[in-house]
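Encoded as structure tokens, the structure appears first; notes follow it.
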Amino acid sequence: MCDSITSYPAHLKAPYATEDQSFRFVVELWGGTLQIPEQVAFINQLEGPTQFKFWVIMVVAPELTNGLPKVPARYYFGREVAASDRSIIKRYELPSRRYLGPTSMEAEMAFIMCNQAKVSRGSLVFDPFVGTGSILVAAAHRGAYTFGADIDMRVIKLGKKDGGGSAVNVRTNFDDYGLPQPVGLLRADLHRLPLRPGLEEVLDAIVCDPPYGVRAGGRKTAARDYTPRNRDTHIPATDPYQLGECLRDLLDAAARLLRIGGRLVYFLPAIPGYYSPEEVPAHPALTLVANCEQVLSTRYSRRLITMEKTAGYDTSAAEAYHTASGPPR
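Numbering-wise (our numbering), the sequence shown opens with residue 10 and increments by one.
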């Protein structure tokens with residue numbers, strides 16, 4: 010590696026080796042630890058002319074007794090151009106929250122989802138399966154305006170009691186972190202989203218974890234010919250919400266409500282070894298940007314799907330596409 014650094018073209022190293030630039034060496038080992046004397050000994054091998062200024066060393070040497078197959082040590086030398094801020098993961102980890110549920114999204118994954126959706130300050134972000142608000146908490150940290158919906162009135166309005174007997178709910182999670190409150194929380198579902206007809210291209214991102222029946226099954230508002238006695242207190246009946254139907258509604262809502270360039274990010278369940286790319290739902294107004302697998306166990310995995318709106322919503326085109334695709338599966 011030292012020979013490779015020495016032979017690297019001088020004109021390519023020059024921009025990072027001027028006299029007014031500060032620098033430091035960092036040695037990192039993946040799969041183990043290096044004591045300070047070992048790091049210093051490694052750095053001393055690279056002392057020399059100014060062309061080494063402002064460069065960062067990363068070392069990968071997995072020659073450990075951990076049961077893994079032995080592979081040759083790999084050494085990387087370069088300039089660090091960016092680093093992730095992992096301090097926020099500690100701050101927002103789930104055990105620190107007073108209001109949690111069985112499907113609360115872990116903090117690291119919630120931030121990854123928001124990164125995929127390009128959530129930034131001033132973005133308007135919607136989670137149609139808001140639950141305890143984990144994803145919206147991450148979006149609010151990024152400076153976004155947030156709002157969510159959930160079919161379970163208990164989640165939206167009632168919440169529960171914490172260990173000290175205090176009432177906690179979605180909004181108290183935002184208060185506890187000092188984050189701006191969501192602009193709205195609706196008791197609603199995607200199948201019958203209560204938005205005025207013709208409302209389009211108002212969202213920057215839809216980020217969500219649809220219910221797929223592993224820890225919580227989906228429900229939708231039932232279509233019944235019924236006149237409630239009291240509309241102020243009436244809660245509509247619900248029916249089971251099959252995943253295929255749920256995803257079709259999700260993509261159609263994204264195609265209508267996202268601005269051009271806005272993103273839809275959601276998780277799709279999969280079975281390792283049996284998954285096929287054709288399983289990912291599509292829509293004529295949306296383009297698939299990324300499809301990343303998260304292995305959960307030998308039996309289950311889920312895929313983080315990122316789609317971007319690249320065309321305006323066309324009702325007839327959407328209906329023709331759904332007709333050609335057949336019923337949701």
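Glycine is no exception: its CB is placed at the ideal position from the N, C-alpha and C atoms.
Secondary structure of residue i, DSSP reduced to three states
i, result
"N300", "strand"
"Y275", "strand"
"G270", "strand"
"E317", "strand"
"F61", "Reliability of the predicted coordinates at F61 is poor, the pLDDT of 41 falling under 50, and the value obtained from them is presented with this limitation in mind. Helix at F61."
"Y250", "coil"
"L21", "helix"
"T242", "coil"
"R228", "strand"
"G307", "Looking at the sequence provided, one finds Thr at residue 307 rather than Gly. T307: coil per DSSP, three-state reduction."
"D213", "strand"
"Y322", "coil"
"R265", "helix"
"T155", "strand"
"L204", "coil"
"I280", "coil"
Classification of residue i by the beta-carbon crowding that lies within 10 angstroms, buried from 16 upward
i, result
"Y250", "buried"
"Q125", "buried"
"P191", "buried"
"D184", "exposed"
"Y283", "exposed"
"C255", "buried"
"A158", "buried"
"Y101", "buried"
"Y322", "buried"
"T296", "exposed"
"D218", "buried"
"R308", "exposed"
"L212", "buried"
"V146", "buried"
"K229", "buried"
"I314", "buried"
"D136", "buried"
"A50", "exposed"
"G270", "exposed"
"G207", "exposed"
"W64", "Per-residue confidence for W64 stands at a pLDDT of 45, beneath the threshold of 50, marking its modelled position as unreliable; no derived number is given."
"R265", "buried"
Same chain, Cβ closer than 6 Å to residue i, neighbours up to 5 away in sequence not counted
i, result
"E302", "S310, R312"
"T332", "none"
"Y221", "L252, P278"
"G193", "F156"
"I14", "F86"
"T319", "T296"
"Y154", "L133, V192"
"V90", "none"
"P281", "S310"
"A263", "I215, L273"
"I165", "D159, L194, R196"
"G187", "none"
"R130", "G152"
"D198", "I160, K229, T230"
"A119", "S143, I144, A147"
Cβ-Cβ distance between residue i and residue j below 7 Å
i, j, result
"I113", "L103", "Strictly speaking, residue 113 in this sequence is Ser, with Ile absent from that position. Yes, Cβ-Cβ distance for S113 and L103 is below 7 Å."
"A382", "D248", "Shown here, the chain extends from 10 to 338; a query on residue 382 therefore has no answer."
"G142", "G110", "no"
"A214", "S132", "yes"
"M162", "R196", "yes"
"R272", "E317", "yes"
"P290", "L267", "no"
"V274", "M122", "yes"
"E117", "I144", "no"
"A326", "P293", "yes"
"Q48", "V36", "yes"
Sequence-distant residues of the same chain with beta carbon closer than 8 Å to residue i, five excluded per side
i, result
"V177", "R107, Y108, G168, K169, K170, D171"
Residue-chain proximity (residue i, chain B), Cβ-Cβ < 7 Å
i, result
"F156", "The chain labelled as chain B is not found in the depicted structure, where only one protein chain is given."
Residues near residue i by beta carbon distance below 7 Å, same chain, minus five either side
i, result
"R180", "Q190"
"A149", "T155, F183, L188, P189"
Item to check | Sequence ranges, alpha helix (DSSP H) only - wholly within the segment 78-141, length at least 4 | outcome: Correct list: 96-100, 116-125.
Item to check | In chain order, each alpha helix (DSSP H) run of at least 4 residues that lies wholly inside the segment 159-188 | outcome: Within the segment 159-188, the complete alpha helix (DSSP H) runs of at least 4 residues are 179-186.
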